[in-house]
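Accompanying notes for the structure given below.
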């Protein structure tokens with residue numbers, strides 16, 4: 001699974017650092033000759049099982065550093081991925097990444113409540129940031145993160161991996177292109193029965209329940225399938241507070257988004273039942289993905305002119321994880337803005353806050369531009 | 370397509386009418402010897418294509434009379450079904466059904482705004498009533514209809530045909546029996562792109578738009594799949610008033626129902642896109658019907674323990690239309706109360722009024738018992 005030798009990790013990319021070829025980037029380089037170096041912050045399940053193994057499939061990204069509060073994890077994964085002691089950091093040592101020119105991008109895969117802090121510190125260390133979703137626990141934090149990266153002149157991208165997955169990309173193209181006529185309604189459902197005793201169930205760490213974790217996939221899909229921002233949110237919550245899992249966070253939220261074009265999206269977020277799918281219903285049929293956003297196995301069905309049929313794509317050259325890592329690397333190399341920049345994370349968070357408000361106040365909440 | 374000879378229509382069932390075997394029924398009879406006579410009121414598409422042809426499949430029901438404002442329809446269908454001139458009525462002649470002992474049940478298949486009037490007049494003529502859904506245009510009308518039938522001692526049933534359809538019956542059994550664990554969420558979606566220039570688009574005749582016509586299937590399904598009455602309704606409407614179809618009635622309504630058990634139902638009603646399905650999501654999987662409520666072709670899929678598989682039933686002896694007609698006949702014969710009595714129609718109308726109110730007032734509306 002190792003993606004880089006010690007030589008690769010240490011030996012490249014320093015020479016051009018001050019060349020000025022790409023002003024405003026912390027580590028300018030030639031796209032064809034250098035892989036962008038990532039530090040992964042937080043060695044939990046998602047980082048170690050989904051992200052780190054996929055640097056091996058990248059064209060432009062490589063893993064060069066690890067940050068964890070658990071020495072045994074640094075030891076284990078450091079050895080596995082050939083990361084030298086000099087490139088392994090505790091959280092207390094985190095700010096020293098400033099002095100490591102091998103690190104171009106910091107990938108923040110921490111509990112939600114820590115996203116803002118580590119994004120800001122990474123930016124202050126002059127590093128680009130790829131941050132997992134939800135971007136943070138509040139709109140205010142999102143704005144702080146965007147401002148910090150803007151001030152530092154570093155890029156900020158949010159880990160919306162589905163935007164790099166072929167079926168979701170095709171669904172966007174077909175939906176926005178009117179393949180089944182103008183979109184009238186969208187249904188988007190995401191959920192899973194959550195296991196007890198984890199940070200996601202502690203509001204202080206997660207910022208919220210299913211909505212922040214899995215419901216955000218329904219919300220983000222409704223936004224990327226329309227390409228619009230909702231103007232109205234109506235949400236209903238059901239949470240059994242006697243269930244020990246739901247002492248501080250919500251279980252289920254049903255929410256309806258209304259978009260400027262009149263499209264309505266009926267969305268589900270659940271921590272007590274399994275859902276993974278969406279459907280775009282147009283005047284002439286529908287485009288469905290179920291499952292829509294798993295790590296693998298997306299399945300598309302299209303109904304058009306009365307005929308329902310599967311739609312299959314060839315396997316991608318790079319999977320969604322590698323494609324996401326490469327996209328940020330390419331942005332760093334070329335100066336482009338990530339397709340899912342900080343503003344995208346902020347846009348979701350803005351709606352999430354409106355969803356919570358709507359459910360709490362039991363009324364439709366308007367979102368103004 | 371004819372289901373009865375002239376002899377059958379005229380010759381049977383009068384002898385026992387005053388025997389008192391089943392007190393309180395207008396036409397007591399022995400279940401094994403007599404078919405209950407129906408008058409169909411309103412000879413539109415649904416009556417002539419779906420209902421009248423299906424008396425032929427009934428064990429206990431037969432078509433004995435027709436009511437229409439169009440003489441040519443009375444002539445055409447009277448001839449086709451062997452209905453004598455004496456058993457053909459204009460609306461002006463409607464009240465004379467009182468004097469026709471062959472008529473046990475009046476099946477009201479008129480525009481919604483006429484349901485109440487013809488139900489009340491039928492009851493006053495001493496006849497049982499099967500009335501199409503929606504039961505009426507308002508809760509107030511529903512109450513009037515129930516009171517009229519109660520006063521007359523006649524039965525009142527609403528045409529919820531899906532309750533007589535095997536896949537829907539199985540779905541109810543599986544959902545309420547916890548086949549995929551306790552229900553957590555339900556999605557129910559019904560809609561079709563409506564053609565212009567019909568009474569359903571005239572609020573004075575229909576009482577409302579998609580919600581009254583096709584959305585009621587989503588609502589009714591959520592209620593029969595849970596066996597509960599919602600305590601809370603949150604609805605969002607989108608209607609393009611520039612579309613000539615939607616000058617007086619609504620197009621799309623998304624509504625969320627919350628039930629006492631905590632189950633939430635996310636429902637869709639649409640007049641501008643095609644939908645027909647529902648899914649009951651429990652803690653261990655889901656039960657899906659798509660399509661759920663067509664005239665034929667219900668398709669069931671069940672996901673349980675990670676396996677998704679179709680579930681097929683043998684063809685029913687009687688289709689849903691014949692089974693519905695027979696059910697009312699059996700109730701008349703045995704004195705039983707229809708499983709979908711007037712109270713069922715009232716329960717839906719109560720929620721529909723709350724849905725409209727929620728959409729108009731842009732807030733969650735509570736429903737109290």
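Chains as they are written, first to last, in the numbering used here: chain A, 1 to 369; chain Z, 370 to 738. The beta-carbon is built from N, C-alpha and C at its ideal position, and this holds for glycine as well.
- From the listed residues 700(Z), 445(Z), 539(Z) and 430(Z), the smallest Cα separation to residue 436(Z) is found for 445(Z).
- The Cβ neighbour count for residue 701(Z), taken over all protein chains shown within 10 Å, is at least 16; the residue is labelled buried.
- If you ignore the 5 residues before and after residue 615(Z), its C-beta comes within less than 8 Å of the C-beta of 570, 578, 608, 609 and 640, all in its own chain and listed in chain order.
- Near chain Z, meaning a CB-to-CB distance below 7 Å, the residues of the stretch 238-267 of chain A are 238, 240, 252, 254, 256, 258, 262, 264 and 266.
- For residue 236(A), the nearest beta carbon of chain Z is closer than 8 Å to its own beta carbon.
- The C-beta of residue 547(Z) comes no closer than 8 Å to any C-beta of chain A.
- At the C-beta level, residue 244(A) and residue 196(A) come within 8 Å of one another.
- Boundaries of the alpha helix (DSSP H) around residue 730(Z): 711-730.
- When C-alpha distances from residue 645(Z) are compared across 654(Z), 663(Z) and 635(Z), the shortest belongs to 663(Z).
- When beta bridges are read from the DSSP output, residue 669(Z) appears opposite 658(Z) and 680(Z).
- For residue 149(A), DSSP assigns no beta-bridge partner whatsoever.
- Using beta-carbon distances, residue 665(Z) does not count as an interface residue toward chain A, since no partner is under 8 Å.
- By the rule that beta-carbons nearer than 8 Å mark a contact, residue 185(A) touches chain Z.
- Looking at 723(Z), 638(Z) and 705(Z), the one whose alpha-carbon comes closest to that of residue 497(Z) is 705(Z).
- Restricting attention to alpha helix (DSSP H) runs no shorter than 4 residues, the stretch 498-558 of chain Z encloses them at 508-521 and 535-545, ordered along the chain.
- In the DSSP assignment, residue 55(A) falls outside any alpha helix (DSSP H), carrying neither H nor E.
- For the stretch 584-597 of chain Z, the set of residues with a beta-carbon nearer than 9 Å to any beta-carbon of chain A is empty.
- When CB distances to chain A are screened at a threshold of 7 Å, the residues of the stretch 650-683 of chain Z falling below it are 650, 651 and 652, in chain order.
- Contacts between residue 601(Z) and chain A, judged by CB atoms closer than 9 Å, involve 236 and 362 in chain order.
- Judged by DSSP secondary structure, residue 478(Z) falls outside any alpha helix (DSSP H); it is assigned neither H nor E.
- With fewer than 16 other Cβ atoms inside 10 Å of its own Cβ, residue 414(Z) counts as exposed.
- The CB of residue 642(Z) comes closer than 7 Å to the CB of 184, 185, 281, 282 and 283 in chain A, given here in chain order.
- For residue 441(Z), the enclosing alpha helix (DSSP H) covers residues 440-450.
- Interface residue (Cβ-Cβ distance to chain Z less than 8 Å): residue 193(A) is classified as such.
- Those residues of the stretch 703-736 of chain Z placed with their C-beta closer than 7 Å to a C-beta in chain A are 731, 732 and 733, ordered along the chain.
- At least one beta carbon of chain Z lies nearer than 8 Å to the beta carbon of residue 270(A).
- Per DSSP, the beta-bridge partners of residue 406(Z) are 431(Z).
- Burial of residue 235(A) is indicated by the presence of at least 16 other C-beta atoms within 10 angstroms of its C-beta.
- Under the Cβ distance rule, residue 189(A) counts among the residues neighbouring chain Z, one pair being separated by less than 8 Å.
- Within 10 angstroms of the beta-carbon of residue 96(A) lie fewer than 16 other beta-carbons, which makes it exposed.
- Each residue's CA atom was taken as its position, placing residue 666(Z) and residue 729(Z) some 36 Å apart.
- Using a Cβ distance threshold of 8 Å, residue 411(Z) and residue 477(Z) count as a contacting pair.
- In this structure, residue 472(Z) sits away from residue 698(Z), with a CB-CB distance that is not shorter than 8 Å.
- Beta-bridge partners of residue 276(A) (DSSP): 190(A).
- For residue 90(A), the CB contacts under 8 Å within the same chain, skipping 5 residues up- and downstream, are 67, 68, 69, 71 and 74 in chain order.
- For residue 258(A), the uninterrupted beta strand (DSSP E) segment begins and ends at 252-258.
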